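**Student:** In terms of my numbering, the sequence shown opens at residue 795 and continues consecutively. Glycine included, each C-beta is placed from N, C-alpha and C at the ideal position. This structure is a prediction, so every number in the text was calculated from the model and none was measured.
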Amino acid sequence: MVSPLVAAARLQTRANAFRLASRSSRFYSTKPQSLKERLAELIPKEKENVKAIRTEYGAKALGQVTVDQLYGGMRGLPALIWDGSVLDANEGIRFRGKTIPECQDLLPKADGGAEPLPEALFWLLVTGEVPTAEQTKAISAEWAARAELPKFVEELIDRCPPTLHPMSQFSVAVTALNHDSAFAKAYQNGIPKAEYWGPIYEDCMDLIAKLPAIAGRIYRNVYGDGKLPAIDATKDYAWNLSHLLGFSDKEAFVELMRLYIVIHSDHEGGNVSAHTGKLVGSALSDPFLSYAAALDGLAGPLHGLANQEVLLWVMKMRSKVGENPSDQDIKDYIWSTLKSGQVVPGYGHAVLRKTDPRYMAQRAFALKHLPEDPLFKLVGQIYNIAPGILLEAGKAKNPWPNVDAHSGILLTYYGLDQMQFYTVLFGVSRAFGVAAQLIWDRALGAPLERPKSYSSEAIKKMFVGK
Ligand code: CMX
795 MVSPLVAAAR LQTRANAFRL ASRSSRFYST KPQSLKERLA ELIPKEKENV
845 KAIRTEYGAK ALGQVTVDQL YGGMRGLPAL IWDGSVLDAN EGIRFRGKTI
895 PECQDLLPKA DGGAEPLPEA LFWLLVTGEV PTAEQTKAIS AEWAARAELP
945 KFVEELIDRC PPTLHPMSQF SVAVTALNHD SAFAKAYQNG IPKAEYWGPI
995 YEDCMDLIAK LPAIAGRIYR NVYGDGKLPA IDATKDYAWN LSHLLGFSDK
1045 EAFVELMRLY IVIHSDHEGG NVSAHTGKLV GSALSDPFLS YAAALDGLAG
1095 PLHGLANQEV LLWVMKMRSK VGENPSDQDI KDYIWSTLKS GQVVPGYGHA
1145 VLRKTDPRYM AQRAFALKHL PEDPLFKLVG QIYNIAPGIL LEAGKAKNPW
1195 PNVDAHSGIL LTYYGLDQMQ FYTVLFGVSR AFGVAAQLIW DRALGAPLER
1245 PKSYSSEAIK KMFVGK
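(1) Grab me the residues of Leu-1106's own chain with a C-beta within less than 7 Å of its C-beta, minus the 5 sequence neighbours each way, in chain order.
(2) Give me, in chain order, the residues of the same chain whose beta-carbon lies closer than 6 Å to that of Gly-922; leave out the 5 immediate sequence neighbours on both sides.
(3) Along the alpha helix (DSSP H) that carries Leu-1210, what are the first and last residues, could you check?
(4) Between Ala-1190 and the rest of its own chain, which residues show a CB-CB distance below 6 Å, the 5 nearest in sequence each way excluded?
(5) For the region 1137–1174, list the alpha helix (DSSP H) runs that are entirely contained and at least 4 residues long, ordered along the chain.
(6) With Phe-889 as the anchor, note down where its beta strand (DSSP E) starts and where it stops.
(7) For the beta strand (DSSP E) that contains Ser-879, what are its first and last residues?
(8) Using a 10 Å radius around the Cβ and a threshold of 16 neighbouring Cβ atoms, would you call Leu-1096 buried or exposed?
(9) Return the bridge partner residues of Pro-872 from the DSSP annotation.
(10) Rounded to whole angstroms, what is the Cα-Cα separation between Ser-1084 and Arg-1052?
(11) Only counting the same chain, and skipping five residues up and downstream in sequence, which positions put a Cβ closer than 6 Å to that of Leu-1039?
(12) Just to check, is the beta-carbon of Leu-1178 closer than 7 Å to a non-hydrogen atom of the ligand CMX?
(13) For the 8 Å Cβ check, are there 3 or more pairs between the region 998–1010 and the region 939–957?
(14) Expressed to the nearest angstrom, what Euclidean distance is found between the alpha-carbon atoms of Ala-815 and His-1058?
(15) Would you grab the beta carbon distance between Phe-1226 and Pro-912 for me? Rounded to a whole angstrom, and I think it's under 8 Å.
(16) Write down the C-beta distance between Ser-833 and Tyr-995 rounded to the nearest angstrom, noting that I regard them as a contact closer than 8 Å.
(17) How long is the line joining the alpha carbons of Leu-958 and Val-1138, rounded to whole angstroms?
(18) Given the structure, does Val-1222 come close to the ligand CMX, in the sense that its CB is under 7 Å from one of the ligand's heavy atoms?
(19) For the ligand CMX, is there a heavy atom less than 7 Å away from the beta-carbon of Asn-884?
In structure tokens form, the structure reads like this:
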């Protein structure tokens, strides 16, 4: 009988040998290991890990479910598994265990750039590992190669009236990409369950790759002359997105897009967009259908649309109280918003209980690139005032700003001031987290989601007299 210590040491030796072998095979290979190859190595290990967790702890309870949670939007209900990111109420988001500043420090950057490349963040979300600069560049090239839209999808976007909200146009276009889904086709051809993740991965790579072309086309149709430049296959994803939108000549805007996509990519599994994507994917709807559904959730004003609402609210404030409002003007405006039964957009959160680190990352960016911008200063002034008022009003559990309180101000500074478009950029970014989750759900064989619902009558019967 081998002692647990000896067994652990043997396991460690085997793991080290594996690491060395894979390092040396990478050393001798002319091509860097691709994301798909690395994923293929990780899947069997993760299946074993999940099996071991379920064998050991499968029957353990995570806590009680209260009736209030059923009526209260399932707040805090432990119901989902997702390794890509975890949200701590006080600390904020960590992507595979790494905070936003750690990602800014560790992930590869563009030549001459200071912000992390979204390509590298996607690799991190999928594998839990930081890619090399070479691997990151390979993803940029792969996405550029997959970026073109089918002609009929271009025509579909072109036929949308400019009055249709950009998020609705976005959702229509992403739904239509399902026409060429590798997974839908493979499923029709009888692909076995263990192999689902392969075509799902291909669809997810296509999905992310094609989003800049969709976003750019919507933007240019609604706000410009409808003409789009070509993708540059030598550039990174955020550069190409900026280029299609017409902002690639502003290096700081491209840097902003790199940061923006990274911080908006994922926010653990339970938020409306991430959970919708996962739920719809559990029915084996392909990633295009799943993500279109996620976008429809992101388009709600309590979720992603809040970035549009914040700017509208700030602009209304300016038109009411002028360019340089006093603290008292701002206090009065916030109170008038609350008293009229509306929410203060960009403030509060279902999970967070401190200032969102995604807000702080954007604030740090603004302090570096636009410290004297009047709108940035105004947002800072609101930040000093709004939490106190929300606390005094006594309803919101979290009086602090979230990601949406800042993003529109940065985009406006660089000339992207069409606020109805803002949630589309959020939608481009959130695809990274949802796609990573869809790949892992199919790799691990996650089943159809089907929680139980109760009638109010049933709840009463359960507890009356007890
Ligand atoms: N302004 C005014 N009231 C607020 C508020 C705000 N910013 N945030 C919360 N409240 C209110 C809620 O509306 C709720 O009121 P009722 O009891 O009358 O329904 C009460 O405070 C308790 O809400 P909560 O438990 O603190 O917050 P929830 O988890 O229910 O909701 C959120 C979270 C984000 C929807 C809410 O804070 C909100 O509406 N904020 C403004 C919109 C916003 O910025 N959304 C973006 C969130 C980030 C994102 O997903 O992009």
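**Tutor:** Let's see:
(1) Setting aside the 5 residues that flank it on each side, Leu-1106 is surrounded in the same chain by Met-1213, each with a C-beta closer than 7 Å to its C-beta; the list follows chain order.
(2) Counting only Cβ-Cβ distances below 6 Å, and skipping sequence neighbours, we find Arg-890.
(3) Here Leu-1210 belongs to no alpha helix (DSSP H), and DSSP marks it neither H nor E.
(4) If we look at Ala-1190 and ignore the five residues flanking it on each side, its Cβ neighbours are Gly-1142 and Leu-1184.
(5) 1151–1163, all fully within the region 1137–1174.
(6) Going by DSSP, Phe-889 is part of the beta strand (DSSP E) stretching over 886–889.
(7) DSSP places Ser-879 in the uninterrupted beta strand (DSSP E) bounded by 879–882.
(8) When all chains shown are included, Leu-1096 counts as exposed.
(9) Per DSSP, Pro-872 has no beta-bridge partner at all.
(10) Each residue's Cα considered, the two are about 24 Å apart.
(11) Same-chain partners within the cutoff: Gly-1010 and Tyr-1013.
(12) Just to set this straight, residue 1178 is Asn in the shown sequence, not Leu. The answer is no for Asn-1178.
(13) Contact between the region 998–1010 and the region 939–957 is present: three or more C-beta pairs spanning the two stretches fall below 8 Å.
(14) Below a pLDDT of 50, predicted positions are generally treated as unreliable, and Ala-815, at 41, falls in that range; the measurement from the model is reported next regardless. Cα to Cα, Ala-815 sits roughly 36 Å from His-1058.
(15) Indeed, because the Cβ distance is near 6 Å, the residues count as touching under 8 Å.
(16) As written in the sequence, residue 833 is Leu, which differs from the Ser given in the question. Contact holds; Cβ gap of about 7 Å.
(17) A direct Cα-to-Cα measurement between Leu-958 and Val-1138 gives close to 26 Å.
(18) No; taking the cut-off as 7 Å, the Cβ of Val-1222 has no heavy atom of the ligand CMX nearer than that.
(19) It does not: the Cβ of Asn-884 is nowhere closer than 7 Å to a heavy atom of the ligand CMX.
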